[in-house]
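Using numbering that gives the first Met the number 0, the first residue of the sequence shown is number 0, and each one after it goes up by one.
Using N, Cα and C, we set each Cβ at its ideal position, and we do this for glycine too.
See structure below.
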Amino acid sequence: MKLPSTAHTSRPWRIHGIVPDFRLEDVWALPTPGGPDDLAWLVAQFAEERGGKSGISSPLYRILFAIRWKLGALLGWDEPGDGVGAGGRVDSLRRRLPADLAEGLRGPDPEGAPFTSVYLTDDEWAAEMGNKTVHGVMHIGWVPDGRGGYRGQMAVLVKPNGLLGAVYMAAIKPFRYVGVYPALIRAIGREWQENAAARRQA
Numbered sequence: 000m001k002l003p004s005t006a007h008t009s010r011p012w013r014i015h016g017i018v019p020d021f022r023l024e025d026v027w028a029l030p031t032p033g034g035p036d037d038l039a040w041l042v043a044q045f046a047e048e049r050g051g052k053s054g055i056s057s058p059l060y061r062i063l064f065a066i067r068w069k070l071g072a073l074l075g076w077d078e079p080g081d082g083v084g085a086g087g088r089v090d091s092l093r094r095r096l097p098a099d100l101a102e103g104l105r106g107p108d109p110e111g112a113p114f115t116s117v118y119l120t121d122d123e124w125a126a127e128m129g130n131k132t133v134h135g136v137m138h139i140g141w142v143p144d145g146r147g148g149y150r151g152q153m154a155v156l157v158k159p160n161g162l163l164g165a166v167y168m169a170a171i172k173p174f175r176y177v178g179v180y181p182a183l184i185r186a187i188g189r190e191w192q193e194n195a196a197a198r199r200q201a
């Protein structure tokens, strides 16, 4: 499910012009087969707008995030002044948006995760988070699957905050690959199939 960086960098995403100073950390294929206009369903699933448990809120993901928040509280990583936006450590990426994106759909904020939506188009959705260690972006694209259909593709982009951020990203890398992302992506796929069945019955 992990993809080469070119799966993200070779596509004409709008995000490229918005975060040229961010580093591409990971690219993952999402098991969310659908049609050309189904990104909105995937965004709604992340935001839990259609009921049920979102893939981003899978039990293992919630446990790992709970551990992360506890550690962050102990070490002071997640103070209100270290986040994104007014009074935060970093400005929101919405301040970088070109006029058409700024005036377009922002998209819903995911529930149960520390992300705020930045913009939404027909084939892209970006959400950001920030703390004392990093300013990060979750980018969800909607791409052809090579078999006549489409699927989601998730990229993670980060801007570490100095040495602390660089050490933090290096320290959590094994946990992301072994625990977080595989569990998250499986849960996204299960929820997508459940939602697809419900949509077919509607």
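6 Å CB neighbourhood of residue i in its chain, flanking five on each side removed
i           : result
residue 198 : none
residue 135 : 128, 157
residue 6   : 26
residue 164 : 132, 133
residue 41  : 31, 151
residue 14  : 125, 138
Residues of its chain near residue i, where Cβ-Cβ distance is below 8 Å and the 5 sequence neighbours each way are ignored
i           : result
residue 10  : 140, 142
residue 91  : 83, 84, 115, 117, 127
residue 104 : 118, 119, 120
residue 202 : With the chain represented from 0 up to 201, any question about residue 202 goes unanswered, as that position is not in the structure.
residue 4   : 23, 26
residue 12  : 123, 138, 140
Whole-number beta carbon distance between residue j and residue i, since they are thought to touch under 8 Å
i           : j           : result
residue 129 : residue 31  : In fact, because the Cβ distance is near 27 Å, the residues do not count as touching under 8 Å.
residue 204 : residue 194 : There is simply no residue 204 to check, as the chain begins at 0 and stops at 201 in what is shown.
residue 93  : residue 117 : 6 Å
residue 137 : residue 155 : 6 Å
residue 33  : residue 149 : 5 Å
residue 96  : residue 184 : Going by Cβ atoms, the distance from residue 96 to residue 184 rounds to 28 Å, so no, they are not a contact pair.
residue 109 : residue 186 : 14 Å between Cβ atoms; not a contact.
residue 38  : residue 124 : 7 Å
residue 8   : residue 23  : 7 Å
Reduced DSSP category for residue i - H, G, I as helix; E, B as strand; rest coil
i           : result
residue 40  : helix
residue 48  : Because residue 48 sits at a pLDDT of 42, beneath the cut-off of 50, its placement in the model cannot be relied upon, and the following sentence gives the value as read from the coordinates. Coil.
residue 122 : coil
residue 204 : A question about residue 204 goes unanswered here, because the residues of the chain that appear run from 0 up to 201.
residue 34  : coil
residue 183 : helix
residue 27  : strand
residue 88  : coil
residue 177 : helix
residue 53  : Low confidence applies here, because residue 53 scores a pLDDT of 42, under 50, leaving its location unreliable and the question unanswered by this model.
residue 22  : strand
Contact set for residue i: own chain, Cβ-Cβ below 7 Å, skip 5 residues either direction
i           : result
residue 52  : For residue 52, the predicted structure reports a pLDDT of 43, less than 50, and the residue's modelled location is therefore unreliable. The matter cannot be settled from this model.
residue 215 : Because the chain here runs from 0 to 201, residue 215 falls outside it and cannot be looked at.
residue 35  : 149
residue 242 : Since the displayed the chain opens at 0 and closes at 201, residue 242 lies outside it and no answer follows.
| query | Touching or not, the region 142-156 and the region 98-109, by the rule of three or more beta carbon pairs under 8 Å? | reply | no
| Runs of beta strand (DSSP E) lying entirely within the region 92-167, each at least 3 residues, in chain order | 115-119, 123-129, 133-143, 149-159
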